[in-house]
Each structure stands twice: as structure tokens, then as C-alpha cells.
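Peer 1: This is the structure I want to talk about, given as C-alpha cells.
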Amino acid sequence: MVSKRLSKEAGHRRKFLAIIDDTPECERAVAYASKRARSTSGVLVLLYVIEPDDFQHWLGVEKIMREEATATANAALDGHAAKVRENLGIEPELVVREGRPADEIHKLIEDDQDIAILVLAAGAGKEGPGPLVASIAGKGAAFPIPVTVVPQNLSDEDIDSLA
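Letter 82 of the sequence shown, counting from 1, is numbered 82 in full-length UniProt numbering, and no numbers are missing.
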């Protein structure tokens, strides 16, 4: 159960959460979420989740790998944020977390009661829609807020007309 959303109360704005990862479809989720945020006077939140499975090494190596993963996360977030600023003139909130993506998304939604919409993009390849989109249909992995799934093959014009 998710705590009450505050985005409709005075002093709060509805937030659209998009997940940043290395999938090609992630750009479509950001495009849609940022345009929805702008058109509804909302806020865009970009989340990058560092998966800790990669850090099971000796302490010194683990520290270096964690620093590299954090640098990669920040670079990815900064790149997407720069595009949003340049194209739409809005300032996104940037969040880096470490853990399993679905768990960290749930935690962020619980921590930030203004997040009201999770925007994911579905891949168009033969590999399937992607792990987060697939998890929506999985048992116990549903997210506690509405989820918008954006097809990867939507053009910028399509997104403009929908957002």
C-alpha cells in the first residue's frame, strides 16, 4: 500500500517519474514524461538505479567499481537532463539509488509523495518490452501508482500529440 499522494495539495506539484537505464527505449519514456510534466505544470523526476550485483569483489575493487557506477549514473542523468532543459526549458530532479530497480522505484515512490505517475517505455525488439514493463504483469511486482507505458516506436511528433 502506498502512502497518500500529495500532488494535489497546496504547495505540491504532480511528479512524473522516468527511469534512466541503458535501454534504447528509455529516451522515449523521458520524452513523454518531460512533455507531460511541462504541459501539466508538473515536475520531471529522473531515476537511475545502480544494481549492486556488480560489486561482489574485494573491498578495494568494490569501492572503485561503485565509484565508476556512480559516475556512469550521474553522466547518464546529466545527459538526459541537459536535453530536457534545452528542448523544454524545465529542470528535472535527478535521483541515483543503489539496489534492485523495482525495489528502488517502490522506495522512491513511498519517499516522495508527489510522485503520481511512473512512465516506462516498452522496447520494440524481439527481446520483449524490457524488464520493468514485464514486471508490471508479474506477480507482486505491480507499482502502487498509475503506470504509463510508452511504445519505443513513437516519434517525437506522436509524443507531442499525446503528451
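Beta carbons are placed, not taken as given, at the ideal position from N, Cα and C, and that holds for glycine.
Could you tell me whether the stretch 17 to 34 touches the stretch 65 to 80, using the rule of 3 or more Cβ pairs below 8 Å?
Peer 2: Touching, yes, given that three or more Cβ pairs across the two stretches are closer than 8 Å.
Peer 1: Please determine if the stretch 45 to 54 and the stretch 96 to 103 are in contact, where contact requires at least 3 C-beta pairs separated by less than 8 Å.
Peer 2: With a cut-off of 8 Å, the stretch 96 to 103 and the stretch 45 to 54 count as touching, because enough Cβ pairs lie within range.
Peer 1: Would you mind reading off the limits of the alpha helix (DSSP H) that contains L154?
Peer 2: Unbroken run through L154: none, as it is neither H nor E.
Peer 1: In angstroms with no decimal places, state the Cα-to-Cα distance between C26 and A122.
Peer 2: 8 Å
Peer 1: DSSP on L88, reduced to helix/strand/coil?
Peer 2: helix
Peer 1: Taking the alpha-carbon of A69 as reference, which of E51, I109 and E86 has the nearest alpha-carbon?
Peer 2: Restricting attention to E51, I109 and E86, the CA atom closest to the CA of A69 is found in E51.
Peer 1: Have a look at K8, P144, R36 and T148 and flag the residue whose alpha-carbon is nearest the alpha-carbon of D160.
Peer 2: R36
Peer 1: Can you tell which of D158, S39 and I145 has its C-alpha closest to the C-alpha of I105?
Peer 2: I145
Peer 1: Taking only runs that begin and end inside the stretch 63 to 108, name each unbroken beta strand (DSSP E) of 3 or more residues, in chain order.
Peer 2: 93 to 98
Peer 1: From A33 to A163, what does the alpha carbon distance come to, in whole angstroms?
Peer 2: 8 Å
Peer 1: By the three-class DSSP mapping on this structure, what secondary structure does A37 have?
Peer 2: helix
Peer 1: How should G11 be labelled, buried or exposed, when 16 other C-beta atoms within 10 angstroms of its C-beta is the threshold for buried?
Peer 2: exposed
Peer 1: So if DSSP puts A121 in a beta bridge, which residue, or which two residues, is it bridged to?
Peer 2: V150
Peer 1: What's the call for P92, buried or exposed, on a 16-neighbour Cβ count within 10 Å?
Peer 2: buried
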